[in-house]
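A.B. asks: Next up is a structure, given as structure tokens.
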Amino acid sequence: MIRRIKGTQDILPGEIKRWQDLETVMRNVSRLFNFTEIRTPIFESSELFHRSVGETTDIVKKETYDFEDRGKRMNTLRPEGTASVVRSVIENKLYVEENLPLKLYYYGPMFRYERPQKGRQRQFHQFGAEVIGSDSPLADAEIINFAATFLEALKIKNVQVRINSLGDAESKEKYQKALREYLEPNIKNLCEDCNRRYVENPLRVLDCKIDKDNEALINAPKPYDYLSDKAKVHFEQVIMALESLGLNYKIDKNLVRGLDYYTHTVFEIDSDLETLGAQSTLVGGGRYNNLYSSLEGPDLGAVGFAFGVERLLLALEGINHETETDNIHAYFIALGDIFQTDALKIINDLRHGGLVIDYDFFNKNLKGQFKQADRMNPKFYLIYGEEEAKAGVVNVKSLTTKEQVQVKVEELYQYLVNQLTGRSCSGGCSSCDGC
Ligand code: HAM
79 MIRRIKGTQD
89 ILPGEIKRWQ
99 DLETVMRNVS
109 RLFNFTEIRT
119 PIFESSELFH
129 RSVGETTDIV
139 KKETYDFEDR
149 GKRMNTLRPE
159 GTASVVRSVI
169 ENKLYVEENL
179 PLKLYYYGPM
189 FRYERPQKGR
199 QRQFHQFGAE
209 VIGSDSPLAD
219 AEIINFAATF
229 LEALKIKNVQ
239 VRINSLGDAE
249 SKEKYQKALR
259 EYLEPNIKNL
269 CEDCNRRYVE
279 NPLRVLDCKI
289 DKDNEALINA
299 PKPYDYLSDK
309 AKVHFEQVIM
319 ALESLGLNYK
329 IDKNLVRGLD
339 YYTHTVFEID
349 SDLETLGAQS
359 TLVGGGRYNN
369 LYSSLEGPDL
379 GAVGFAFGVE
389 RLLLALEGIN
399 HETETDNIHA
409 YFIALGDIFQ
419 TDALKIINDL
429 RHGGLVIDYD
439 FFNKNLKGQF
449 KQADRMNPKF
459 YLIYGEEEAK
469 AGVVNVKSLT
479 TKEQVQVKVE
489 ELYQYLVNQL
499 TGRSCSGGCS
509 SCDGC
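For the sequence shown, the positions run 79 to 513 when the numbering used here is used.
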């Protein structure tokens, strides 16, 4: 038997409703904040991620799915969505001034070759949003508020927003220098990867999963202490906006994030719900003011976030979020030979009118059809055989009231609609006494 690849998941019919409900909330909240969807390819030229996420990050160094195509070009399955959005905005010139700021969201599968565990897959889904073309701290606050509102709409309350600033290019450079000087006497005691990171990009030493509890890393200088005056003002204004939104947050001076493109604000939202296991970060995001220009685009400030959808679903399990199962309006029980009557036409007419109807393909007996029907939780059984066909009627049994009535075929659709919507009929039909 061929099995699914490690770290991937089938989303089975029994689980799909939870995904679809979440997707509805995603789209509804995006609408409230006036974000529009963008869909980009799931693979891109490898260079895009090397130059955006960063050559020295764990994502690019160890986790990308790279493949050479038949034209000998190197491609990569996208490990995240931001780089592709940037590429698309530049390539399609979406950045004309009257469109700015662009407010875009995306949703889809991402791929990272990580060690799979609860809440961490090799194929996972992200829902992300980006504000493009604004340097305003209001855009940072809008993005954080969007993420928080989304969690609120899902009724996930046990969350903590952690926020920090890496500052502008000038602040980042000063910080990197200070960090390198600080790490120099300690670097020999850190892991092999850290020694490489120290040379290539000392900020990445702080992401180390092996040495994360090492005193030297815990006591390392913090980016916050190297912010330029301009960067400080930006961060203060983001905080002021969060305050006036009444949003709970905590400044976390250790937060640096694992992707290279960030400048100024970085943030994460975690939850302490047990169902999340060790992967407690639901959302990660921040500002990236230099990414557009570094990919030969115009000089555009941007800020965004992304959620891990599988983690949101685990969080929803933790708050005992119940998903209502889909039920059908009616199950059509055909007695005798379905081909000898106009049963299929009746079913089709009801469906064309917008009613959800199902029926049996296996020529099951009556008991079998009732059993099958009950699995779908219908509001009505519609029972129809040769006798009913001759009389031009259908037996309609309500599973709510348990009553059974005969309804003329030509009045069936309106009868069902009236019953389902609780509307009374005009009294003209012969099947009831004015409902
Ligand atoms: P990220 O922190 O790498 O940021 O990922 C965002 C979220 O995706 C994480 O908080 C987590 O919930 C989820 N996630 C990441 N890796 C996995 C995995 N292997 N399995 C399951 N879930 C995962 C970004 O990707 C940035 N592009 C976010 C951003 C948008 N920054 C600015 N704009």
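Note that the Cβ used here is the ideal one computed from N, Cα and C, for glycine as well.
For clarity, every value in this text was computed on a predicted model and none was experimentally measured.
Given E481, which residues of its chain have a CB within under 7 Å of its CB, disregarding the five upstream and five downstream residues?
C.D. replies: none
A.B. asks: Report whether the distance from the Cβ of Q238 to the nearest heavy atom of the ligand HAM is below 7 Å.
C.D. replies: Every heavy atom of the ligand HAM is 7 Å or more from the Cβ of Q238, so no.
A.B. asks: Please give the ranges of any beta strand (DSSP E) in the region 225-265, keeping only runs that are unbroken, at least 3 residues long and fully inside the region.
C.D. replies: 237-243
A.B. asks: Assign I411 to buried or exposed, taking buried as 16 or more other Cβ atoms, counted over all protein chains shown, within 10 Å of its Cβ.
C.D. replies: buried
A.B. asks: Please determine whether the Cβ atom of Y366 lies at a distance below 7 Å from any heavy atom of the ligand HAM.
C.D. replies: For Y366, the shortest separation between its Cβ and any heavy atom of the ligand HAM lies below 7 Å.
A.B. asks: Where does the unbroken beta strand (DSSP E) through R75 begin, and where does it stop?
C.D. replies: Coverage of the chain is limited to positions 79 through 513, which leaves residue 75 absent and any answer about it impossible.
A.B. asks: Are the beta-carbon atoms of E169 and P157 separated by less than 8 Å?
C.D. replies: no
A.B. asks: Residue ranges of each alpha helix (DSSP H) run of no fewer than 4 residues wholly in the region 123-147, ordered along the chain?
C.D. replies: 124-127
A.B. asks: Measure from the alpha carbon of A393 to the alpha carbon of each residue in P179, G197, V167, T227, then state which is nearest.
C.D. replies: G197
A.B. asks: Using DSSP bridges, identify the partner residues of D348.
C.D. replies: Paired residue(s): Q238, T359.
A.B. asks: Say the cut is 7 Å; is the CB of F385 nearer than that to a heavy atom of the ligand HAM?
C.D. replies: Within the cutoff, so yes.
A.B. asks: If we count the other Cβ atoms within 10 Å of its Cβ and call it buried at 16 or more, is S21 buried or exposed?
C.D. replies: Nothing can be reported for residue 21, as the shown portion of the chain is limited to 79 through 513.
A.B. asks: Count the other CB atoms within 10 Å of the CB of D338; is the residue buried (16 or more) or exposed (fewer)?
C.D. replies: buried
A.B. asks: Just checking: is the beta-carbon of I120 within a distance shorter than 8 Å of some beta-carbon in chain B?
C.D. replies: Among the protein chains of the structure shown there is no chain B, as only one such chain exists.
A.B. asks: Just to confirm the assignment, what range does the alpha helix (DSSP H) spanning I494 have?
C.D. replies: Residue 494 is actually Leu in this sequence, not Ile. 490-499 is the span of the alpha helix (DSSP H), which, as asked, contains L494.
A.B. asks: How many Å lie between Q98 and H407 at the Cα?
C.D. replies: 20 Å
A.B. asks: My output table needs one value for Q87: the three-state DSSP class, helix, strand or coil.
C.D. replies: coil
A.B. asks: Verify the contact flag: F202, CB atom, against every heavy atom of the ligand HAM, threshold strictly below 7 Å.
C.D. replies: In this structure, F202 has its CB closer than 7 Å to one or more heavy atoms of the ligand HAM.
A.B. asks: With DSSP as the reference, label L391 as helix, strand or coil.
C.D. replies: helix
A.B. asks: Roughly how many angstroms lie between the CA atoms of K139 and G132, to the nearest whole one?
C.D. replies: 9 Å
A.B. asks: Please look up how many angstroms separate the CB atoms of E208 and A380, rounded, as I've assumed it's under 8 Å.
C.D. replies: About 6 Å separates the CB atoms of E208 and A380; that is less than 8 Å, so the two are in contact.
A.B. asks: Using only the heavy atoms of the ligand HAM, determine whether one of them is closer than 7 Å to the beta carbon of G379.
C.D. replies: no
A.B. asks: List the endpoints of the continuous beta strand (DSSP E) containing Q447.
C.D. replies: Where Q447 is concerned, there is no enclosing beta strand (DSSP E), although the alpha helix (DSSP H) it sits in stretches over 444-453.
A.B. asks: Between the region 230-244 and the region 349-359, can you find at least three pairs of beta-carbon atoms closer than 8 Å?
C.D. replies: In this structure the region 349-359 touches the region 230-244; the number of beta carbon pairs closer than 8 Å is three or more.
A.B. asks: Just to confirm, is the Cβ distance from L295 to P280 under 8 Å?
C.D. replies: no
A.B. asks: Consult DSSP for K423 and reduce its assignment to one of helix, strand or coil.
C.D. replies: helix
A.B. asks: Comparing the CB of Q87 with every heavy atom of the ligand HAM, is any distance shorter than 7 Å?
C.D. replies: Incorrect: Q87 has no Cβ contact closer than 7 Å to the ligand HAM.
A.B. asks: Any idea which residues DSSP pairs E115 with across the strands?
C.D. replies: For E115, which the question treats as bridged, DSSP gives the partners Y183.
A.B. asks: How many Å lie between A247 and L178 at the Cα?
C.D. replies: 23 Å
A.B. asks: My guess is that Q199 and E321 are in contact by the Cβ rule of under 8 Å, so how many angstroms apart are they, rounded?
C.D. replies: Not confirmed; about 37 Å, so no contact.
A.B. asks: Exposed or buried, what is G512 when buried is set at 16 or more other beta-carbons lying within 10 Å of its beta-carbon?
C.D. replies: The predicted position of G512 is uncertain, since its pLDDT is 48 and thus under 50; a value taken from the coordinates is nonetheless stated next. Per the 10 Å Cβ criterion, exposed.
A.B. asks: Measure the CB-CB distance between A319 and L216 and report whether it falls below 8 Å.
C.D. replies: Yes, they are a contact pair.
A.B. asks: Quick one: what's L155 bridged to in DSSP?
C.D. replies: F121, Y143
A.B. asks: Do E115 and the ligand HAM come close, with the Cβ less than 7 Å from some heavy atom?
C.D. replies: no
A.B. asks: In this structure, how does DSSP classify Y304 when only helix, strand and coil are distinguished?
C.D. replies: Here Y304 sits in helix by DSSP.
A.B. asks: Can you have a look at G500 and say buried or exposed, based on whether 16 or more other CB atoms are within 10 angstroms of its CB?
C.D. replies: exposed
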